[in-house]
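To keep things clear, I will list the structure first and then write my remarks on it.
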Amino acid sequence: MRSLRTRLFVALLAITTLVWAVAAGWIYIRTQRDVERVLDARLVEAARMVSSLAASGAVQGGEVRVPAAGDELSHQLSCQIWSLEGRLVARSSGAPPQRLSQVTEGFSETSVNGETWRVYTVPRPDVGLQVMVGDNLKVRQNLVRQVITGLLLPAAAGVFALAALIWLVVERGHAPLRAIAQTLSARPVSDLSSLRDTGAADELRPMIDALNSLFARLQAARVREQHLTASAAHELKTPLAGLKTQAQIALAAEDPKLRQAALDQIVLSVDRAGRLVGQLLEMARRDAEAASPPAAVWLPLDAAIEQVAAELTPLAESRKVQINLEPSQSELQVSPELLRAMLRNLLENALQYAAREVTVRLARGPQTCRLIIEDDGPGVGADELPRLRERFFRGRGHNDVGSGLGLSIVDLAAVQSGFVLTVEPGTAAGLRAIVEFPPARVR
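Per the working numbering, residue 16 is the first one in the sequence shown, and the count goes up by one each step.
Laid out in structure tokens, this is it:
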């Protein structure tokens, strides 16, 4: 049963039917007891009336007529008048000739000719008589059954009427959901505007808010994707155009030195394009894993930094920059992939702009731990610091090698890891990038 509407209807109907059944059972038991009490009172009343008539001499012998109560519970009672010596003095037309009860006074149940009787006996020793008034239990049970059936049949019919009403209420209750579904299905793919919640039920507002939040995130992701695509096309256009130009120069050059210089520029352009493509792929991976980042494990921080630094040694040597590593003997709880993305892009970015050295160290305090990567390059202006994590943004003093994606990738990886990236001016010059870890993630 996958339909929410059907499940809700069945649940409401089952609960209603259960309550109705319990109420019907209570009505049955209570009505049966009340009707039997009334019928017993009728026996007592009739027996006392006949006893009074017999004592006054109004009943001489033969047939006796039992007085009727005149209500819906009235039915033919059977009456016998016996002398104290055991002689049948009189009886009603429906009474058997056999003695209805051997009990001399009060209520009793006896079997006469295979039928069970409920009998009330009134002794009158002052006139030497015993009056017995009885109900045939089969007749009594039929009467009780008729009364109870008259009560329960309308109730049973009410269950079916209530089921129809419940179905109508459930249908009307799901109308807003169907309206939302129709609105969404009629939308074009490009429409990510928020749903209007005017007049929506309180129970639907969380769903509408969640959908609107999803639409807002999708719209932001689409804008980022469009911006990334446009910027990537622009950034790739420059090295590709350079490749074409340098290739044409190399083909046309007769001077070996000029040809070699053109070929060297081709290599640089290919390196730049390859680095840009690699960062674009890294950015795409970070975006794709934003909802479910890789699992974190404990990693030796010094070893991870040394491995990335070794990979970037050719770049450091070509730039004549020294990488200074201050050992920390610490372990960090982080995804290996995310840690590598942060370290490589931070170190590579620092090496691109450093003048002589890049320093990497871990600063531990009572409330926080910070990985600091600092260079002694030209730095950036105070007005550019807030924009350094924007995609494809490069400061005014940028070189032609950078793409403006490095710090954006680091920021994404830091957020996915639960860390915080900040960028600030260096101690004397250059730039200082700080990745802040929760103390519980470092040991």
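Ideal Cβ placement from N, Cα and C applies to all residues, glycine included.
{"Query": "Assigned exposure category for residue 141 - 16 Cβ within 10 Å defines buried", "Result": "exposed"}
{"Query": "Burial state of residue 41, where buried means 16 or more other Cβ atoms lie within 10 Å", "Result": "exposed"}
{"Query": "6 Å Cβ shell around residue 360 - same chain, five flanking residues per side excluded", "Result": "421, 424 and 425"}
{"Query": "Local conformation of residue 110 per DSSP, three classes", "Result": "coil"}
{"Query": "Expected contact under 8 Å - CB spacing of residue 208 and residue 254 to nearest Å", "Result": "39 Å between Cβ atoms; not a contact."}
{"Query": "Nearest-angstrom Cα separation, counted from residue 226 out to residue 202", "Result": "14 Å"}
{"Query": "Backbone secondary structure at residue 121 - three-state DSSP", "Result": "strand"}
{"Query": "Through-space distance from residue 153 to residue 113, alpha-carbon basis", "Result": "18 Å"}
{"Query": "Residue 84 - DSSP class collapsed to helix/strand/coil", "Result": "Reliability fails at residue 84, whose pLDDT of 44 lies under 50, so the model's placement of it is uncertain and the value that follows must be treated cautiously. Here residue 84 sits in coil by DSSP."}
{"Query": "Whole-angstrom distance between residue 386 and residue 401, CA atom to CA atom", "Result": "20 Å"}
{"Query": "Meets three-Cβ-pair contact criterion under 8 Å: the region 23–37 and the region 181–195", "Result": "yes"}
{"Query": "Local Cβ density within 10 Å of residue 97, reported as buried at 16 or more and exposed below that", "Result": "buried"}
{"Query": "Reference residue 392; option with closest CA among 428, 441, 350 and 431", "Result": "441"}
{"Query": "With 16 other Cβ atoms within 10 Å as the buried cut-off, status of residue 224", "Result": "exposed"}
{"Query": "contact_flag[the region 342–361, the region 310–320] where n(CB pairs < 8 Å) is 3 or more", "Result": "yes"}
{"Query": "Test item: CB-CB of residue 43 and residue 167 under 8 Å", "Result": "yes"}
{"Query": "Rounded Cβ spacing between residue 58 and residue 92 (contact assumed at less than 8 Å)", "Result": "7 Å"}
{"Query": "Collapsed DSSP secondary structure at residue 233 in the structure displayed", "Result": "helix"}
{"Query": "Residue 376 and residue 457 closer than 8 Å at C-beta", "Result": "no"}
{"Query": "Whether residue 337 touches residue 371 by CB criterion (8 Å)", "Result": "yes"}
{"Query": "Local Cβ density within 10 Å of residue 445, reported as buried at 16 or more and exposed below that", "Result": "buried"}
{"Query": "Residue 293 CB to nearest heavy atom of the ligand HEM below 7 Å", "Result": "The ligand content of the structure shown is nil, which means the ligand HEM is not present either."}
{"Query": "For residue 287 and residue 464, the rounded distance between their alpha carbons", "Result": "Here the chain comprises residues numbered 16 to 458, so residue 464 is not present and cannot be evaluated."}
{"Query": "Whether residue 216 touches residue 191 by CB criterion (8 Å)", "Result": "yes"}
{"Query": "Local Cβ density within 10 Å of residue 128, reported as buried at 16 or more and exposed below that", "Result": "exposed"}
{"Query": "Residue 7 to residue 419 span [Cα, whole Å]", "Result": "No answer is possible for residue 7: the residues shown for the chain start at 16 and end at 458."}
{"Query": "Coil, strand or helix - residue 72 by DSSP", "Result": "coil"}
{"Query": "Inter-residue Cα distance where the pair is residue 439 and residue 448", "Result": "7 Å"}
{"Query": "Residue 138 versus residue 56 - alpha carbon distance", "Result": "17 Å"}
{"Query": "Segments assigned beta strand (DSSP E), at least 3 residues, entirely inside the region 349–427", "Result": "372–379 and 384–390"}
{"Query": "Residue 132 to residue 21 span [Cα, whole Å]", "Result": "52 Å"}
{"Query": "For residue 67, three-class secondary structure by DSSP", "Result": "helix"}
{"Query": "Coil, strand or helix - residue 24 by DSSP", "Result": "helix"}
{"Query": "Residue 334 and residue 369 closer than 8 Å at C-beta", "Result": "yes"}
{"Query": "Whether residue 50 touches residue 162 by CB criterion (8 Å)", "Result": "yes"}
{"Query": "Enclosing beta strand (DSSP E) for residue 160 [first to last residue]", "Result": "It is not in any beta strand (DSSP E) - residue 160 instead sits in the alpha helix (DSSP H) that spans 152–188."}
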